[in-house]
Amino acid sequence: MNKKQIRTIEVAALTRVEGEGALRVVVEGERILDVQLAIYEPPRFFEALLRGRPLDETPDITARICGICPVAYQMTAVHALEQALGIVVTPEIRELRRLLYCGEWIESHGVHMHLLHIPDFFGYSNSIELAQVYPHQVNRGLRLKKIGNRLLEVLGGRAVHPINVAVGGFFKAPRLSELRSLADDLQWGLEAAIDVVRWVASFEYPEFKGDYEMVALRHAEEYPMNEGRIVSTAGLDIATDEFEQHFEERQVPHSTALHAWQLPHRSTYTVGPLARMNLNRDHLSACAYELSESVEMQWPCFNPYRSIIARGIEVVHAFEEALAIVRRYQGCSPARMSYAVSPGQAREGMWATEAPRGLIYHRYQTTSDGKIAHAKIIPPTSQNQRQIELDLAALLPQLLAQPDSAIGLACEKLIRSYDPCISCATHFLKFEIKRL
Amino acid sequence: MSIVPRPRLGDIRVSKPRLAVFKFASCDGCQLQLLSCEDELLSLAEELEIVHFLEASSRIEMGPFDIALVEGSITTAADLGRIQEVRRQSKKLVTIGACATAGGIQALKNWADRSEFLRCVYATPETIDTLSTSTAIADHVQVDYELRGCPINRFQLLDVLRALLTDRRPKLPSHSVCLDCKRRDTVCVAVARDEICLGPITHAGCGALCPAFNRGCYGCFGPAQQSNCDSLVDWHLHRQVTAPTLVPLLRNFNAAAIEFRDCGDRVDPQSDLGQNL
Amino acid sequence: HNNYFEFNLGPHSWKQFLFPPKLTVAVSHRDSDGWRFETPQASLPSYAFLGARACELAAIAIQDRIFLHGPYVDPDYKSRRESTFIIAVNCTVAAATCFCTSTNTGPKCQAGFDLALTELEDHFYVEVGSVRGAELMSELHCVEATDVDARLAVELQLRAKKQISKFLETEGLQSVLLDNPEHPRWDEIASRCLSCTNCTMVCPTCFCSSVTEVVDLTAENVLRVREWDSCFNIDFSYMADGVVRNSRRSRFRQWLTHKLASWHDQFESSGCVGCGRCITWCPVGIDLTEEVALIRATPSSNRTLPIVKTFSAVCVLPQEPTE
Amino acid sequence: MNADAVAVPAVDRSDPWKTWSVRIARLIRESETVFTVDLDFMEQGILQHYQFLPGQFNMLYVPSVGEAAISIAGRTNQGLLQHTIRSVGTVTQAIERGGEGMSLGLRGPFGRPWPISPLVETTATVDLLVVAGGIGLAPLRALIDQVGEQRANFGNVHVLLGARTPADLLYVDRQDKWRDQGIDVLTTVDRGNPLWKGHIGVVTLLIDRLSIARPHATAVLTCGPEVMMRYVARAALRRDILESNIWVTMERNMNCAIGLCGHCQLGPKFLCKDGPVFRLDEVAKYLGVQEL
Ligand SMILES: Cc1cc2nc3c(=O)[nH]c(=O)nc-3n(C[C@H](O)[C@H](O)[C@H](O)COP(=O)(O)OP(=O)(O)OC[C@H]3O[C@@H](n4cnc5c(N)ncnc54)[C@H](O)[C@@H]3O)c2cc1C
Ligand code: SF4
Ligand code: SF4
Ligand code: SF4
């Protein structure tokens, strides 16, 4: 056999993703030797630094794992701890939490779609360039995102690291007038978000079909946010507290992020908007469902490039649901369930919610004096990471004729369609280059 | 808000100030604040050229930069070198957020046994490059302006950018959170609700958020200038609030800020007084 | 209890309505010729203050002297003040922090109200303090007060007075403070004072402010916004060559000596009306009456007044030449 | 000499934020860090009616940057208002950068002026000793100009000017005019250069060398750094000049200029309305107290 040329394609810094990572592909002739989505984001050791902290700080501290989706961390943390402490919140608190999550979905999806992802479809390197040609669309996107932020501010105090989330509920319930004052913007947002989906659905998408198992929460009555059973497109259906019996997170040498896989076969799976929608489309709000029917898209969909459409539809859903909650709102008293840490009793609680980027799981053990004894946090990105690499490996053979830069760009686009959040992958390792 | 279509950025290469955004150990929340300036983002982009902002743009240019916004703290040997390079390439360096100005929440490891920290998260910790401390940017290079907060306040960010664009010194008030509470007519939660509130020793900038939501300030903007942490802490100790309650409050997002650090160490019964520092 | 007013002061004084925490004082627009400046129309809210106490009436009178009766008039304060109707309430109980008897400002409302109520068992005893007050009363269906009512009102007012336990010795207070700028007590207070500004914010007479620029996107419209500020802030005394009061000690000293001593020179009264808010809301429990008593108890010996001290021997003060 | 016997021209006291539009007609560089601006009012007719007394100041305003208190140095031959400014911070640098043609805001005049009329109106003629350090000459310039014009009303007039280096001396051309008007102008610098033939050393040394014939009929008017003024006062007192005949100018952070913001307090004084010019005995008590 001829000695083949070894070709190494590197994208030194992935852009328009949250957090910092790199891509390294090693090719020998036609053969893909290695694909590494390397995350060089410095580790921040949240699970370790939570130990010994008063448990009611958990929502504030875990929020700092990720500035893009702090609410996801706060929501998962408070539910897990409430489970541990046996706290049951009122329907009003539950509803406000959903509203808060709507705000984060709108904001986070808004950032990803308009600022990070859409420029790809037009060949621009950022949304500022895109705005030169599509000012209306970019301004519309910014305004949508702003409404999401506004919602987070009213309910959470601020959009990044909200200060109003507590174990047991909220420090303060919003005033009726404050929430009602959002209604007009939400109404505008609903209509604008529908236009966005129509626009986005008209883009050209590469044909790509992943052979995936997709995993998401499923709730009996609603589109999943804060609770549900864990289900998959392959028929998995478990309670959230069984998560760790089915899924496992492992360190891989090339990344500061841990990778998760499904047991018993260490098979990969993905989470995220596409997974949620494939598994829960029947629970979409009226407008969102109708839209999902009318856009040109086959359900279930296994083309990661098209997740932007799912994201868009979820924004529509979030606006519609937020509007309904805001209109229904009659105040929330008590804003927070009081609780006492019963001495002498160590407890454990675990929970999963749906972060904008997909399923997120927390488990905590608490000490008898109300401190965190042990924390485990599995964010969406570490669950997707392995699958992204496999997708890249599947994509690459079709690209090999192209120059490295073009391959790099094509790979980056695929990665971006997953909306990976690298800051999120809490417990990330250092990338070590493997020399061939 | 609307913008008029104009030639692509690439075509008008006038010499606008060049802005770069760099990230070290952080959550991205502070740089996200730049993108959260929805009303100002596009007009800002007309005044300056964003030439390095990995989170938002695939356009990556090399230095030199007129303004560098630096998020995150220094936690690895590699970053130790990288920040030097960023400084060399940047005319004005502005640190943004508690990570960059005080080491962030990850500075809690300054008090912990590092190997134990690693083991707690990773099965094979050997491959991880990490220093035993998380330190502020100003501990390593000279910093022109600091924006406090976890996260920063986007209006302050805009003010700093505008000030730098017009070559004036930005106004960054250094008073306590209390002043802003009173300006917004919030009733003091420390006195009225007996909450432990760090407002009196915490740097302004958030607009006094927490007390307005019925909770005590937890100091996410770090110590105010000349803040008297000892007095506040002694007051609470005197009222039978215990050190284990007080120490975590001082030791969170700005744990390594000198005033909070020293005060926390002073009252912490288990303190090994910053052995890693 | 079933009484409406059987408490003392709210956390925030009426100051926020007459001297708002944030106010646009000037507006600039840029056109092709350059900047044009306008003074915004004074705001015209019409307020009725219900439940203002004697000390607060005294405080309003003090701020009137500052904002209305000095060489310059604050136009916004003026318009707010003129349209304010005050229904005062005589305190019938006192809080542990009250000391209006020391400052001679209460507990009975003496002047500065349109109506003053004293809450009796099941009705109010009303005193009329102005023509506007009388006009209002004439439209209400009230019954003439009896001697019994009047006596009861006085008794209740006396009850409040008797409950006051805090005391501030005002005799010679000005010199106690002004002559002791280097008293060791200032250092002791500085070790506890947080310089957080709470006392100045809640004080109904404190009037310090700063103007900041608020710029719109185009930088073509600029507002000058006046905000409450405080002598406890470091930047407050910032000058190009350095900060003047760069220690908590000097800032606390400034506050207390201004409030209780130099205020007399400026506005012909003390700046303190004995409301006790600064005591209530100090996060570390600093009590000005205690501090003053301690300074008074041990006058410091090292009075440093260098110029006068060094040259008093040479400088024979002559009578002033007449104009 | 009575401290308060001065007529202050009327500002609209019920509209103290009233700001005039002015334009920098000319910017003259005085030294590396100091420059003078000639200001013209945009609105017709204001310049002629605008009146000030030497020692008063204006608030010069650069929108979006802020205001700074700047003394009125005098008028040009055409009557434009002159301000001499040291570039030290945001506002002053913005004015310097703006340069000729810049549009500014102006509020004023504010403050208590030098006591010229009381000095003239005393029964005996008064000798004057004017001492300025650095930028401190700016608020004294209009005064010296006026004394020059009304020279006969005064006895001996000495003007002592100190600066760090010869290049920092202000109004060099004007000094000759003052000399021609019979004013004794002496200059001194901290550091000379090869061309400098004049005095070297602090201004107070000049006072010590001066012959002061009638100390009790001599008034001292001084402006400069606070330490300098303290030494001037000390030297003057040593020469038997009366404390009540010594006038100093004080400086504190100034925000509103109308005595309502609290920033400029020095003991019981509001520098903006009670000062900035003070008779020594009014403020002597506060001069030595650190951080007052
Ligand atoms: C009555 C009076 C007359 C003055 N006359 C002159 C003059 O003729 N020429 C001249 O060059 N300077 C003069 N000054 C000093 C001048 O006002 C300050 O240098 C100027 O305010 C600095 O402003 P800035 O914005 O450039 O500096 P920054 O340092 O950026 O100051 C910001 C703000 O701080 C305050 N501040 C800072 N320094 C001073 C100061 N020294 N005095 C008062 N407030 C200050 C002001 O509110 C100012 O707007 C005078 C000051 C006073 C009080
Ligand atoms: S300071 Fe806080 S918000 Fe900013 S990057 Fe660090 S953790 Fe995130
Ligand atoms: S009140 Fe304190 S903890 Fe809360 S946002 Fe402000 S600075 Fe941060
Ligand atoms: S100084 Fe204190 S007691 Fe006196 S009026 Fe002010 S707040 Fe009230």
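These protein sequences, in sequence, are chains A, B, C and D. Under the numbering used here, residues 1 to 436 are what the first sequence spells out, in order. Under the numbering used here, residues 1001 to 1277 are what the second sequence spells out, in order. Under the numbering used here, residues 2001 to 2323 are what the third sequence spells out, in order. Under the numbering used here, residues 3001 to 3292 are what the fourth sequence spells out, in order. Backbone N, C-alpha and C fix where the C-beta goes; we use that ideal spot for every residue, glycine too.
C-alpha gap between residue i and residue j, whole angstroms
i, j, result
"P3063/D", "I2060/C", "33 Å"
"L3161/D", "R3112/D", "23 Å"
"Q3181/D", "G3148/D", "6 Å"
"A80/A", "I87/A", "10 Å"
"R2296/C", "N1254/B", "41 Å"
"E2213/C", "L3104/D", "14 Å"
"R435/A", "Y269/A", "Residue placement at R435/A is flagged as unreliable, the pLDDT there being 25, under the threshold of 50; the coordinate-derived value follows with that caveat. Answer to the nearest angstrom: the Cα atoms are 29 Å apart."
"T3019/D", "C2272/C", "34 Å"
"L130/A", "Y124/A", "6 Å"
"R175/A", "A2111/C", "39 Å"
"L1250/B", "S2230/C", "26 Å"
"V2244/C", "R336/A", "47 Å"
"E2268/C", "R1183/B", "28 Å"
"Q2063/C", "A2026/C", "22 Å"
"D3208/D", "H3083/D", "31 Å"
"R53/A", "C2199/C", "34 Å"
"L3195/D", "P3166/D", "9 Å"
"C2196/C", "P2283/C", "9 Å"
"V1286/B", "Q1156/B", "Outside the shown range of chain B (1001 to 1277) lies residue 1286/B, about which nothing can therefore be said."
"R347/A", "T367/A", "7 Å"
Nearest-angstrom beta carbon gap, residue j and residue i [assumed within contact, 8 Å]
i, j, result
"R2248/C", "C2208/C", "Not quite, the Cβ-Cβ distance comes to about 17 Å (not below 8 Å), so this is no contact."
"S2210/C", "C3223/D", "About 26 Å; that fails the 8 Å criterion."
"C411/A", "V11/A", "7 Å"
"Y364/A", "A355/A", "That belief does not hold up - the Cβ atoms of Y364/A and A355/A are roughly 17 Å apart, past 8 Å."
"A65/A", "A393/A", "Note on identity: in this sequence residue 65/A is Ile, with Ala being the wrong assignment. The pair is not a contact, with the Cβ atoms about 29 Å apart (cut-off 8 Å)."
Residue burial classification, residue i (beta-carbon count within 10 angstroms, cutoff 16)
i, result
"L2140/C", "exposed"
"D211/A", "exposed"
"Y2004/C", "exposed"
"I106/A", "buried"
"V2143/C", "exposed"
"V3172/D", "exposed"
Any non-hydrogen atom of ligand 4 closer than 6 Å to residue i Cβ
i, result
"G2276/C", "yes"
"V2273/C", "yes"
"C2203/C", "yes"
Check: residue i C-beta below 6 Å from any heavy atom of ligand 1
i, result
"I3135/D", "yes"
"M75/A", "no"
"G3066/D", "yes"
"Q3085/D", "A small fix is needed here, since residue 3085/D is Ile in this sequence, not Gln. Under cutoff, so the answer is yes."
Heavy atom of ligand 6 within 6 Å of residue i beta-carbon
i, result
"K2259/C", "What this structure holds is ligand 1, ligand 2, ligand 3 and ligand 4, not ligand 6."
Is the segment 3028-3035 of chain D touching the segment 3051-3060 of chain D, taking contact as three or more C-beta pairs under 8 Å? No contact exists between the segment 3028-3035 of chain D and the segment 3051-3060 of chain D.
Between the segment 3126-3135 of chain D and the segment 3207-3225 of chain D, do three or more beta carbon pairs fall short of 8 Å? By the Cβ criterion, the segment 3126-3135 of chain D is in contact with the segment 3207-3225 of chain D, since at least three pairs of Cβ atoms, one from each stretch, lie closer than 8 Å.
Under 8 Å: do the segment 199-217 of chain A and the segment 329-336 of chain A share three or more Cβ pairs, one atom per stretch? Contact check between the segment 199-217 of chain A and the segment 329-336 of chain A: fewer than three CB pairs, one atom from each, fall below 8 Å, which does not count as touching.
For the structure I just gave you, are there three or more beta carbon pairs, one from the segment 3267-3281 of chain D and one from the segment 3088-3099 of chain D, closer than 8 Å? Taking 8 Å as the limit for Cβ pairs, the verdict is that the segment 3088-3099 of chain D does not touch the segment 3267-3281 of chain D.
Does the structure place the segment 130-144 of chain A close enough to the segment 106-115 of chain A that three or more beta carbon pairs sit under 8 Å? Touching, yes, given that three or more Cβ pairs across the two stretches are closer than 8 Å.
Determine contact between the segment 1066-1073 of chain B and the segment 1093-1112 of chain B, defined as no fewer than three beta-carbon pairs at a distance below 8 Å. Inter-segment contact for the segment 1066-1073 of chain B and the segment 1093-1112 of chain B is present: three or more beta-carbon pairs are separated by less than 8 Å.
Touch test, the segment 2085-2099 of chain C against the segment 2045-2052 of chain C, Cβ-Cβ under 8 Å, three pairs minimum: Between the segment 2085-2099 of chain C and the segment 2045-2052 of chain C, the count of C-beta pairs closer than 8 Å reaches three or more; the two stretches touch.
If contact is defined by three or more beta carbon pairs under 8 Å, each pair taking one atom from either stretch, is the segment 1204-1211 of chain B in contact with the segment 158-178 of chain A? Taking 8 Å as the limit for Cβ pairs, the verdict is that the segment 1204-1211 of chain B does touch the segment 158-178 of chain A.
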